[in-house]
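Below is one structure; the comments refer to it alone.
Residue numbers (our numbering), protein chains in the order written: chain S, 1184 to 1444; chain G, 49 to 313.
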């Protein structure tokens, strides 16, 4: 009942946005703001010709590899640092500093280092994702209930079992908060790195369309990016819901550290 | 009662804490505290708030080191001076905390089985024992529920049988029923007594409720204010099995209550 209502309201919002878009197209002129229908047609044509798949898969590859290369150490490092308080204290200001750097400003540097191929895009995405996941996971490792660890020790659990059965599960919600926040940034990071310098990818399509004054293609590429972000988000949320079935419903969707583009 | 050697002996125990910078020591929280417990005895401990009751249990459970004094288990000191602590003394000492400390990501049955998994003793006999205990406290049917789906009383029962399932000879309980409503509390006290009478573990049960201390215990120890030591040691000669719902009407009850209340001040 409640859920059906929400879906209905969402459809209403989509209709409203399309109407506003159409209105903007009328008043500004179809050249500056192409109408929704031609944009959908252009996207459809790109999908049919296989061009969309080629560019989208390139962007998706950069995002996925960057997600993995940045996210994995971001999720594991806090557990190692938990056992090494001295090293943790030494590294802390540098990690905070690294979190503060606008990663997109590093993109030209990564292109110099790694070339205009996939590697430089992966580097941008990884540098964004790493810090988001790292700080969320660190918050999770710090939030562990000391009483649960004490209980586990009392019943004879080894440190390894405590790490796997007590500390890891209690940090998983925080890791997922980091991943959830990172998902749009990962795709956005890949797209913007492609905007700066590339000959493939959805960011390149946006750039190419703008250079040729074909706003329809720009809009179509942006629409494709949006759809991919929504899909990736749904995927991460689905995995999270499966893994965190044990949580009371109201505990989901906790706020997470974000930003860092 | 047989005149067997005490299972647990606490001799001149003392505790004070180092300050944050480690250069000075706090005043004594516990000092010259001695008592002994024989096998199968149910000892309740009562004292004013701030009397270091939890500190005492932590030292007995080997999660905190005493500043002075000796703890002996079956006649042997539990720890060489300067040696590392061994929490739970090799699973010989169970601990039921004030909070239920259930792992929120495990179902009820997996929580109950956790100690056996930790000790590498998870076999069919262990599972059968866990199921029997679940039945004994009325948790059957709730095996697959997560802790947040259970009531406070059910979570307490789960925490209690999680300790019973691996059969430690000594069980420490730190005000386990403090946060429950009166009705649930009596039910849990009855469950505890029934399980204890079936297995006769040695229990050290901390409470701030004088009636609870008398209702459950073979003996009640009264703690002083800090520096904490024992100021009263009362044998509770109310016959078992006891009916907790009309124990207040027992002729011995009022006298014991008055004596203990006067000491707890």
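For every residue, glycine included, the Cβ atom is placed at its ideal position computed from N, Cα and C. Bear in mind the structure is a predicted one, so any value in this text is a computation, not a measurement.
- With respect to the 8 Å criterion, residue 196/G and residue 163/G are not classified as neighbours on the basis of their beta carbons.
- Residue 114/G is positioned such that its CB atom lies no closer than 8 Å to that of residue 189/G.
- Between residue 196/G and chain S, the shortest Cβ-Cβ separation is below 8 Å.
- In the structure shown, residue 118/G falls within a strand segment according to DSSP collapsed to helix, strand and coil.
- With respect to the C-alpha of residue 1332/S, the residue from 1346/S, 1321/S, 1379/S, 1190/S having the closest C-alpha is 1346/S.
- Assignment of residue 82/G by DSSP, reduced to helix, strand and coil, places it in the strand class.
- For residue 143/G, the neighbours in chain S by C-beta distance under 8 Å run, in chain order, 1334, 1337.
- By the criterion of a C-beta distance shorter than 6 Å, residue 248/G is surrounded in its chain by 88, once the five residues flanking it on both sides are discounted.
- Exposure of residue 128/G is indicated by the presence of fewer than 16 other C-beta atoms within 10 angstroms of its C-beta.
- In the three-state reduction of the DSSP assignment, residue 91/G falls in the strand class.
- Under DSSP, the beta-bridge partners assigned to residue 59/G are 118/G.
- Boundaries of the beta strand (DSSP E) harbouring residue 281/G: 278-283, taken from the DSSP string.
- For residue 221/G, the three-state secondary structure derived from DSSP is strand.
- Ranked by Cα distance from residue 218/G, the options 224/G, 80/G, 90/G are led by 90/G.
- Within the region 169-202 of chain G, the residues whose Cβ lies closer than 9 Å to some Cβ of chain S are 194, 195, 196, 197, listed in chain order.
- 109, 111: these are the residues of the region 86-115 of chain G whose beta carbon lies less than 7 Å from some beta carbon of chain S, given in chain order.
- Around residue 1340/S, the beta-carbon contacts reaching into chain G at under 9 Å are 162, 163, 165, 166, 167.
- Taking the Cα positions, residue 1249/S is about 14 Å away from residue 1377/S.
- Taking a beta-carbon distance threshold of 8 Å, residue 247/G does not count as an interface residue toward chain S.
- Contact between residue 1281/S and residue 1314/S holds: CB atoms are separated by about 6 Å, below the 8 Å threshold.
- Here residue 262/G carries a helix assignment [DSSP, helix/strand/coil].
- Counting C-beta atoms within 10 angstroms of its own C-beta, residue 1189/S has fewer than 16 neighbours from the protein chains shown and is therefore classed as exposed.
- The secondary-structure analysis by DSSP pairs residue 182/G with nothing; it has no beta-bridge partner.
- Contact between residue 85/G and residue 104/G is ruled out by a C-beta separation of about 13 Å, above the 8 Å threshold.
- Straight-line spacing of the CA atoms in residue 67/G and residue 74/G works out to 6 Å.
- When 8 Å is used as the limit between beta carbons, residue 147/G is near these residues of chain S: 1330, in chain order.
- Nearest to residue 251/G by C-alpha distance, out of 212/G, 258/G, 274/G, is 212/G.
- Chain-order list of chain G residues neighbouring residue 1352/S: 151, 152, 153, 154, by C-beta distance under 9 Å.
- Close to residue 135/G, with beta-carbon spacing below 8 Å, are these residues of chain S in chain order: 1333, 1336, 1337.
- Using beta-carbon distances, residue 305/G does not count as an interface residue toward chain S, since no partner is under 8 Å.
- Non-local C-beta neighbours of residue 157/G in its own chain, meaning closer than 6 Å and more than five positions away in sequence, comprise 191, ordered along the chain.
- The C-beta of residue 98/G has fewer than 16 other C-beta atoms within 10 Å across all chains shown, which makes the residue exposed.
- Rounded to whole angstroms, the gap between the alpha carbons of residue 1292/S and residue 1286/S is 10 Å.
- Residue 1418/S sits exposed, since fewer than 16 C-beta atoms from the chains shown fall within 10 Å of its C-beta.
- Apart from the 5 residues on each side of it in sequence, residue 1412/S sits with its Cβ closer than 6 Å to the Cβ of 1367, 1370 in its chain, given in chain order.
- With respect to the C-alpha of residue 1200/S, the residue from 1219/S, 1211/S, 1212/S, 1209/S having the closest C-alpha is 1219/S.
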